[in-house]
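Okay, so here's the structure we're looking at.
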Amino acid sequence: MVFVVIYFVVNKTSFTHLDNDILLEKEEVFNNLDWHRDSIIINKMPEWDEAEHNKVEVNPTFLQIVDITGKVVFHSSNLLKDQFLFNPNIEQEIFYNSEIGEQKIRLGQFPIKNENEKIIGYLSIAISQQESYSMLNNLLWVLLISFPIVLIVQFIASSIAASKAIQPVHRLIKIAAGISDANIETRLVLPERKDELFELTNTINELLARIEISMLQQKQFTSDASHEIRTPLTAIRGTLEVLIRKQREPKFYEEKITDIIQQVDRLNKLLEQLLQLAHIESGVAVAKKETLLLFPIVDSFQTKWEEAASEKKIALHLNIAKDIAIVADKLFIELILDNLMSNSIKYGKENGNVFLLWNDSLRTLSVKDDGIGISANDLSNIFNRFYRADESRSSIIKGNGLGLSIVKKLCELQKISLTVESTLHQGSSFTLKFNAK
Ligand code: ADP
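The sequence shown begins at 3 in the working numbering and counts up by one.
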């Protein structure tokens, strides 16, 4: 495109140049023309004798004047026997290309008018465009030859530049292709220049770090889960071995089988919670947004909670008014409340209290107890899977450390914020903050 534009600009410039020369010549000739009615009177000018009007060889300027009938009334001597064709009945000045003999010429045709503005003849001025023709011709050849050369040079240069630019990408591909589970800790080497490639490498490194953490968590989870499953299985196996060793009293069998049933229940609870976690984390679980009355939910669990509380003589204070409504998923909120309340009863002290409190202005629901509490150290970890605070691990209270991680995940799914406040040996309070209706 650049080449085409160059050619046309030069072409146009050379024609404008020639046309300006013709116009200058026309001015001179018109200054020496006169007319009488319809006839043209040509005054003798010193100009006529100039070589350019006489000779054909050096920058010739050809002149021809015809009257209205088309008869030539004057022509410069360099025209010899030639005569320009002229286009009659044209009132404007026109410029066009023509040829005289072998020569390419630029021709201007101008109407000659008398004092009444009537056309009485035509003046034709032609100048040779041989020079600009050969200049344009040369330019055309130069452009045509240099075009493929420029193209080839540009292709080679850009190929070299592209292959240089792509080299670091190849390096990255090579390192990235070699990363697997076994060497997930490998990171891509950051390029020196801080460009898009730097950003990309950095982003891939961050992604690798996240994958590494998630893989470690996965491994940890598998080993924790196996450990949790193995504990009751070992206990069951041990009890069964004791029973099979020799004949026992029926009472002994009764005791040991009750132990085994407890261990099986524990296993059952663990598997149920693992399935819940897997379901939540698989992304299949979607939180519904339902407007729910809190009272019926609490009411449906009341008997279960009271039974558990009565074992430790804990007083339950479920102060939930009948008209409190929240926006949440019914099944999820039941799981959350049951987990929090069961924990407060489990970790509550004998003859203690457990409160379920609704704050209408803040739209918060708190589960509060005056039990064993949680140390500041443990507080940041209790939502991790399989984590149990030292106090509970050493106590006889049964659990597997999955309840709160399920609660946390369910809150996240419903965008309910969950906070905990606790003081060791004084009690804990878990608070859910609901969004406005
Ligand atoms: P689990 O109760 O089965 O051990 P959770 O995930 O429900 O598992 O709780 C994790 C840990 O958090 C518990 O082991 C316990 O140490 C601590 N915890 C939870 N709730 C309370 C509470 N109300 N009071 C004191 N400690 C608690």
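No residue lacks a Cβ here, since even glycine has one placed at the ideal position from N, Cα and C.
These figures come from a predicted structure and were not determined experimentally.
Helix, strand or coil for residue 327, going by three-state DSSP, please let me know. Note: residue 327 maps to strand in three-state DSSP.
Spatial neighbours of residue 120 in its chain, beta-carbon cut-off 8 Å, leaving aside the 5 residues before and after: Shown here for residue 120: same chain residues with a beta carbon closer than 8 Å to its own, the five before and five after excluded, namely 40 in chain order.
Can you list the alpha helix (DSSP H) stretches of 4 or more residues lying completely in the region 165 to 251, in chain order? Contiguous alpha helix (DSSP H) elements confined to the region 165 to 251 occur at 198 to 247, taking only those with 4 or more residues.
Would a C-beta distance cut-off of 8 Å place residue 85 and residue 74 closer than the cut-off? Yes; because the gap between Cβ atoms is below 8 Å, this pair is in contact.
At which residues does the alpha helix (DSSP H) containing residue 305 begin and terminate? Per DSSP, residue 305 belongs to the alpha helix (DSSP H) from 296 to 313.
With a Cβ-Cβ cutoff of 8 Å, do residue 67 and residue 125 count as a contact? Yes. Within cutoff.
Can you tell me whether residue 29 is buried or exposed? The criterion is at least 16 other CB atoms within 10 Å of its CB, across all chains shown. So residue 29 counts as exposed.
Within 10 Å of its beta-carbon, does residue 65 have 16 or more other beta-carbons around it, so buried, or fewer, so exposed? Its Cβ being crowded by 16 or more others within 10 Å, residue 65 is buried.
Could you have a look at residue 106 and say whether DSSP puts it in helix, strand or coil? DSSP places residue 106 in strand when its eight states are reduced to three.
In angstroms, rounded to a whole number, what distance separates the CA positions of residue 407 and residue 178? Rounded to the nearest whole angstrom, the C-alpha separation of residue 407 and residue 178 is 34 Å.
With burial defined as no fewer than 16 other Cβ atoms inside 10 Å of the residue's Cβ, what is the status of residue 270: buried or exposed? Counting the other Cβ atoms within 10 Å of the Cβ of residue 270 gives fewer than 16, which makes it exposed.
Let me know if residue 147 comes out buried or exposed under the rule of 16 or more other beta-carbons within 10 Å of its beta-carbon. Exposed, since its Cβ has fewer than 16 Cβ neighbours within 10 Å.
Residues in the same chain with beta-carbon distance under 6 Å from residue 432, minus the five sequence neighbours each way, listed in chain order, please. Within the same chain, 342, 369, 422 come within 6 Å of residue 432 by CB-CB distance, once the 5 residues on both sides are set aside.
Sheet register partners of residue 491 (DSSP bridge): No answer is possible for residue 491: the residues shown for the chain start at 3 and end at 439.
Return the residue from the list 248, 17, 338 that minimises the CA-CA distance to residue 96. Among 248, 17, 338, the Cα nearest to that of residue 96 belongs to 17.
Identify the continuous beta strand (DSSP E) that holds residue 345 and give its terminal residues. Segment 332 to 348 is the alpha helix (DSSP H) holding residue 345; no beta strand (DSSP E) there.
Which of the three DSSP states, helix, strand or coil, is assigned to residue 405? Helix.
Check whether residue 279 and residue 404 have beta carbons under 8 Å apart: Yes, the pair counts as a contact, with Cβ atoms nearer than the cut-off.
Quick one: what's got a C-beta closer than 7 Å to residue 241's C-beta in the same chain, skipping five residues either side? Contacts found: 258, 261, 262.
Inter-residue spacing [alpha-carbon to alpha-carbon] between residue 417 and residue 319: So the two alpha carbons sit approximately 27 Å from each other.
Is residue 384 near ligand 1, in the sense that its beta carbon is under 7 Å from a heavy atom of that ligand? For ligand 1, at least one heavy atom lies less than 7 Å from the Cβ of residue 384.
Count the other CB atoms within 10 Å of the CB of residue 150; is the residue buried (16 or more) or exposed (fewer)? Of the other Cβ atoms in all chains shown, fewer than 16 fall within 10 Å of the Cβ of residue 150; this residue is therefore exposed.
Considering only heavy atoms of ligand 1, does any lie closer than 7 Å to the CB of residue 268? Result no, Cβ not under 7 Å from ligand 1.
First and last residue of the uninterrupted beta strand (DSSP E) at residue 380: Counting along the chain, residue 380 falls outside any beta strand (DSSP E), though it belongs to the alpha helix (DSSP H) covering 378 to 381.
Per DSSP, what are the beta-bridge partners of residue 421 in this structure? Beta-bridge pairing links residue 421 to 433.
Proximity to residue 363 [Cα-Cα], best of 402, 386, 328: The residue with the shortest Cα to Cα distance from residue 363 is 328.
Do the region 122 to 140 and the region 155 to 162 touch if we need at least three Cβ pairs shorter than 8 Å? A contact between stretches requires three or more CB pairs, one per stretch, nearer than 8 Å, and the region 122 to 140 fails this requirement with the region 155 to 162.
For ligand 1, any of its heavy atoms closer than 7 Å to the Cβ of residue 355? Result no, Cβ not under 7 Å from ligand 1.
Strictly by DSSP, which residues pair up with residue 112? Note: residue 112 sits in a beta bridge opposite 125.
Three-state secondary structure assigned by DSSP to residue 38: Collapsing the DSSP output to three states places residue 38 in a strand.
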